[in-house]
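For the sequence shown, the tail end lands on 938 under my numbering, and the numbers increase by one without skipping.
Idealized CB from N, CA, C, for every residue including glycine.
Just so it is clear, the structure is predicted and the values come from calculations on it, not from any experiment.
Taking it in order: structure first as structure tokens, then the write-up.
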Amino acid sequence: MITSIEQLADSLRQAGLLSDLDFESACSELSASGEPVTAERLLDRLAERGRLSSYQRQRAGEGRFEDLVLGNYTLVSCIGAGGMGEVFKAVHRRMKRQVAIKVLLLNKVSNRGRIDLFQREIETMAQLSHPNIVAAYDADECDRGAYLVMEFVGGSDLSTLVKKQRPLTLRKAVDYITQAARGLHYAHSQGVVHGDVKPANMLLSQDGTVKITDLGLSRLLSNELPLDLSESRLENPNPNAIAGTVSFMPPEQAFRPHEVDHRADIYSLGCSLYFLLTGRLLFKEVNMLAHLLAHRDRPRPLLQTARSDAPPELEAIYQRMVAPLPANRFASMAEVVEALDACEFPDTLDLVGGSTALDNASNDSEFDIGPTTCFSASSLALAGVSVLLVEHSRLQTRVISGQMAELGIATIRTAASGQEAWEAMQSQCPDVVVSSMHLPDMTGAELVRRMRSHDYVRNAACV
476 MITSIEQLAD SLRQAGLLSD LDFESACSEL SASGEPVTAE RLLDRLAERG
526 RLSSYQRQRA GEGRFEDLVL GNYTLVSCIG AGGMGEVFKA VHRRMKRQVA
576 IKVLLLNKVS NRGRIDLFQR EIETMAQLSH PNIVAAYDAD ECDRGAYLVM
626 EFVGGSDLST LVKKQRPLTL RKAVDYITQA ARGLHYAHSQ GVVHGDVKPA
676 NMLLSQDGTV KITDLGLSRL LSNELPLDLS ESRLENPNPN AIAGTVSFMP
726 PEQAFRPHEV DHRADIYSLG CSLYFLLTGR LLFKEVNMLA HLLAHRDRPR
776 PLLQTARSDA PPELEAIYQR MVAPLPANRF ASMAEVVEAL DACEFPDTLD
826 LVGGSTALDN ASNDSEFDIG PTTCFSASSL ALAGVSVLLV EHSRLQTRVI
876 SGQMAELGIA TIRTAASGQE AWEAMQSQCP DVVVSSMHLP DMTGAELVRR
926 MRSHDYVRNA ACV
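Spelled out as structure tokens, the structure:
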């Protein structure tokens, strides 16, 4: 905690937040108003004058001055936080350029996999420079962890935009998706597949420019490591994060990860187009497995059912983008851009069925796959699925197995360790492997990597 006003002033000066003139002026104002010149009142006055942000005021008041500076940057506010890291708005101390800094807190990372993903994001962003991709400026390490300095985009992401404004007009939605397609086409030309394209990863700047972000799940086309759930979400304990990815995931990314290429991004972008225009996900299922199977097996919803103003050519583009088989999609993002550019339509918002789609827009986000009525096709598909559940806890095994049985899954085998699971796979290859991240003899990610290296089981979906 702060012990004196002198200590406060010195600490703020060292953080680059207070000049001698600011200090003297604030003290004079307090004295002139008859208020006591205390550290707390000085902080209040500096905040009132706009010299300190609310984040800086809080941290300084708690005596946590180490939270105000990161390398050459002064931290302004925390704009995002998760179990393993934080994202800050910051300013370069000399250049005065606003940036966003993603910090991976090493003391909260339980294994090497998350660190490797973060390093991959740094390396990927370093080689990409395009108006529709968030730029990377710098990367380094400090006592708190590794961090990546990126371009600060002052607007909102497209997912939040739809939740606030409801479905977008045809012209806006197509414009935003076209911009994203241009950025992704450039990334593909550099040999990079994004792997997690969704509205939440598309930032809209104040001048209307869409910028792709969050390349932590990207892969180089030359990289032998498959892009699948084992590399992305097994290490994240938040089930919403899994749902968010699955909602825009192409079938091959879940069921045939070794076949993933740039056309996976085309599929995810098509799902994003549907979301921007309707406020809905393509499918809304009771759980992640049902959702994956829906993307693989179910007919795609018609865009014109929710948007009567969507012209036939836009319907055709969307349906081709979200084709279950990669071979039936556009061959490249360049073709997507060309097709969208050729679309002509009025700038209106006309939804079939009154306000149904609008009423559901705020509920059907990419993070929300809550309980709903399953189609019979999904129930039939689940009945024919064989699942291997790998979980050390007997209680968790009983609970999860029971939930699967209630969904209609008839074939459920269990294993308490990675080795036991591996032996079970040798006798019968399951359709889906559902694994805990922490097993007695290995991690869930290690088990999946072992599976991917053997042809016999590499096609099994991993959750």
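Pop quiz: residue i and residue j are said to be a contact at Cβ under 8 Å. What is the actual Cβ separation, rounded to whole angstroms?
i	j	result
threonine 549	alanine 490	6 Å
methionine 808	histidine 660	4 Å
asparagine 607	alanine 655	6 Å
isoleucine 554	valine 609	Actually they do not touch by this definition, with Cβ atoms about 13 Å apart.
serine 529	alanine 535	Going by Cβ atoms, the distance from serine 529 to alanine 535 rounds to 11 Å, so no, they are not a contact pair.
arginine 927	proline 732	7 Å
glutamine 894	aspartate 916	6 Å
glutamine 681	glycine 629	5 Å
Would you kindly check if the distance between the Cβ of residue j and the Cβ of residue i is under 9 Å?
i	j	result
valine 865	valine 909	yes
serine 783	cysteine 746	no
valine 551	valine 562	no
alanine 496	leucine 543	The question names alanine, but residue 496 is leucine in the sequence shown. For leucine 496 and leucine 543, no; Cβs fall outside 9 Å.
threonine 653	leucine 815	yes
aspartate 906	valine 860	yes
glycine 620	leucine 580	yes
aspartate 689	glutamate 596	yes
serine 743	valine 672	yes
alanine 438	histidine 867	Residue 438 lies beyond the stretch modelled for the chain, which goes from 476 to 938, so this question has no answer here.
arginine 738	arginine 804	yes
serine 486	phenylalanine 540	yes
valine 862	leucine 764	yes
leucine 748	valine 649	yes
arginine 641	glycine 754	yes
alanine 514	leucine 483	yes
proline 726	leucine 767	yes
arginine 532	alanine 501	no
Grab me the residues of residue i's own chain with a C-beta within less than 8 Å of its C-beta, minus the 5 sequence neighbours each way, in chain order.
i	result
tyrosine 651	Leu633, Leu643, Met677, Leu679, Val685 and Leu751
alanine 507	none
leucine 505	Pro511, Val512, Arg516, Leu517 and Arg520
glutamate 734	Glu727 and Pro801
serine 631	Lys639, Leu678 and Leu679
threonine 635	Ala675
arginine 569	Asn547
Mind checking which residues open and close the alpha helix (DSSP H) that includes residue i?
i	result
phenylalanine 730	726–730
serine 747	738–753
leucine 517	514–523
leucine 633	633–640
methionine 796	787–796
lysine 647	645–664
histidine 669	No alpha helix (DSSP H) holds histidine 669; DSSP gives it neither H nor E.
aspartate 495	495–507
leucine 778	778–781
leucine 768	763–772
Would you please verify whether the beta carbon of residue i is less than 9 Å from any beta carbon of chain C?
i	result
alanine 936	Annotation note: the requested chain C is absent from the structure, which comprises a single protein chain.
Could you give the first and the last residue of the continuous beta strand (DSSP E) run that contains residue i?
i	result
alanine 614	611–616
alanine 890	886–890
glutamate 561	560–567
glycine 555	548–556
methionine 917	Unbroken run through methionine 917: none, as it is neither H nor E.
lysine 686	685–687
glutamine 573	573–580
valine 865	861–865
methionine 625	620–626
serine 910	907–910
methionine 677	677–679
Excluding the 5 residues preceding and the 5 following residue i in the sequence, name in chain order all residues of the same chain whose CB lies nearer than 6 Å to its CB.
i	result
glutamate 510	Arg516
phenylalanine 850	Its pLDDT being 28, under 50, phenylalanine 850 is placed unreliably by the model, and the measurement read from it follows with that caveat. Excluding positions up to five away in sequence, the list is empty.
glutamate 481	none
Once the 5 residues before and after residue i are set aside, which same chain residues still bring their CB inside 7 Å of it?
i	result
asparagine 776	The sequence shown places proline at residue 776, not asparagine. Answer for proline 776: Leu757, listed in chain order.
phenylalanine 730	Arg771, Asn934 and Ala936
alanine 802	none
glutamine 779	Ala785 and Glu790
serine 876	Leu864, Ile887 and Thr889
glutamate 699	Residue confidence is low: glutamate 699 scores 38 on pLDDT, short of 50, so the model does not pin down where it sits. Its coordinate-derived value is still stated next. Closer than 7 Å at the Cβ level, and outside the excluded window around glutamate 699, lies no residue.
lysine 571	none
glutamine 602	Gln665
tyrosine 793	Gly745, Leu748, Tyr749 and Leu778
alanine 662	Leu603, Ile608 and His669
When the Cβ atoms of the stretch 804–819 are set against those of the stretch 775–794, are three or more pairs found closer than 8 Å?
-> yes
How about the stretch 562–578 and the stretch 620–629: do they share at least three Cβ pairs that are nearer than 8 Å?
-> yes
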